[in-house]
Amino acid sequence: MDDPIADSSVWTEMWFMGSAADDIVGLYQRHAGAWTDARGTRLIERPWLERFSQLLPAAAAVLDLGCGSGVPIGRYFVDLGFSVTGLDSAPEMINLFKSNLPDQVAAVGDMRALNLDRRFNGLLAWDSFFHLAHDYQRAMFSAFREHALPHAALMFTSGPTFGEAIGTLEGEPLYHASLDSAEYRMLLNDNGFDVVAQVSQDATCGGRTVWLAQHR
757 MDDPIADSSV
767 WTEMWFMGSA
777 ADDIVGLYQR
787 HAGAWTDARG
797 TRLIERPWLE
807 RFSQLLPAAA
817 AVLDLGCGSG
827 VPIGRYFVDL
837 GFSVTGLDSA
847 PEMINLFKSN
857 LPDQVAAVGD
867 MRALNLDRRF
877 NGLLAWDSFF
887 HLAHDYQRAM
897 FSAFREHALP
907 HAALMFTSGP
917 TFGEAIGTLE
927 GEPLYHASLD
937 SAEYRMLLND
947 NGFDVVAQVS
957 QDATCGGRTV
967 WLAQHR
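If you're matching positions, the sequence shown starts at 757 in the working numbering and goes up one per residue.
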């Protein structure tokens with residue numbers, strides 16, 4: 757069998773993927789304002805947010821991982837009477853979050869090192885979890901478990917199949933990765949979560965692949 761590292765075209769692709777994965781934090785730091793403007797306030801996610809919210813008690817505590825500016829998703833939860841803790845690796849995003857939702861908690865932090873020493877009724881990693889490389893994604897499920905109250909809801913977006921993909925943000929490469937559905941189901945189950953709903957490439961939600969689960 758040929759050594760794939762000896763093939764320069766394969767090596768270049770592997771290096772490019774790794775470089776893009778390592779630059780996620782810097783990319784969002786550089787383009788926080790542009791991303792926020794492009795994101796806008798339209799809630800195409802509303803049906804999924806409603807399903808997530810229906811699993812939560814009144815005055816629930818929600819942890820939003822990769823919270824961005826807090827608009828529109830964080831504000832949606834606040835309007836329901838929930839308290840929101842926003843975590844984002846880009847200080848620029850957290851500054852926007854604090855400006856938009858001054859009565860909520862927000863902190864700069866990398867979800868890959870999540871250790872808040874508290875538990876939540878809801879855990880959300882919408883359009884953020886899928887920027888993690890495969891092994892970091894696998895490691896996140898124990899962190900989800902350690903931050904989940906009994907019966908907590910968990911929702912995240914992934915890719916439809918195992919692999920890596922490169923998008924763009926302001927002309928720069930934007931890394932995405934996904935495990936396959938069987939592995940996500942295994943990781944959820946092994947960490948005490950039952951799948952409530954899962955749709956691959958949901959046409960009503962911009963083609964996102966969405967996972968909604970609940971802690972046992």
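For each residue, glycine too, the CB sits at the ideal point set by N, CA and C. If you're wondering where the values come from, they're calculated on a predicted model, not measured in any experiment.
Asked, Found
"Using CA atoms only, rank isn't needed, just tell me which of L944, G789 and L910 is closest to H926.", "Here the sequence assigns Glu to residue 926, which means His is not the residue at that position. If we check each option's Cα against that of E926, G789 comes out closest."
"Please state whether DSSP places F974 in a helix, a strand or coil.", "Residue 974 falls outside the range modelled here, since the chain spans only 757 to 972, and no answer is possible."
"Is DSSP giving F900 helix, strand or coil here?", "helix"
"Do you know whose CA, among A953, E902, N945 and D883, lies nearest H932's CA?", "D883"
"Is it a yes or a no for the region 870–885 touching the region 817–828, going by three-plus beta-carbon pairs under 8 Å?", "yes"
"According to the Cβ coordinates, are L780 and L930 closer than 9 Å?", "A small correction: the amino acid at residue 780 is Ile; Leu does not occupy that position in the sequence shown. It is a contact, given that the beta carbons lie within the stated cut-off."
"Provide the residue span of the alpha helix (DSSP H) that contains G789, from first to last.", "A788 to R795"
"What are the start and end residues of each continuous alpha helix (DSSP H) run of 4 or more residues lying completely inside the region 867–902, in chain order?", "890–902"
"By a C-beta neighbour count over all protein chains shown, 10 Å radius and 16 as the cutoff for buried, is R798 buried or exposed?", "exposed"
"Do three or more CB pairs link the region 903–920 to the region 827–847 at distances below 8 Å?", "no"
"In terms of residue numbering, what span does the alpha helix (DSSP H) encompassing S845 cover?", "Taken as a continuous stretch (DSSP letters only), S845 belongs to no alpha helix (DSSP H), as it is neither H nor E."
"Can you tell me the Cα-Cα spacing of G963 and A794, whole angstroms?", "17 Å"
"Just the Cα atoms here: how many angstroms apart are K854 and V952?", "32 Å"
"Could you tell me if Q942 is buried or exposed, where buried requires 16 or more neighbouring beta carbons within 10 angstroms of its beta carbon?", "The amino acid occupying residue 942 in the given sequence is Met; Gln does not appear at that position. Answer is exposed; the Cβ neighbour count stays below 16."
"Where does F912 sit, in a helix, a strand or coil, going by DSSP?", "strand"
"With distances taken Cα to Cα, identify the nearest neighbour of S956 among G948, V966, W804 and A862.", "V966"
"Tell me which same chain residues have a C-beta within less than 6 Å of the C-beta of L870, skipping the five on either side of it?", "A899"
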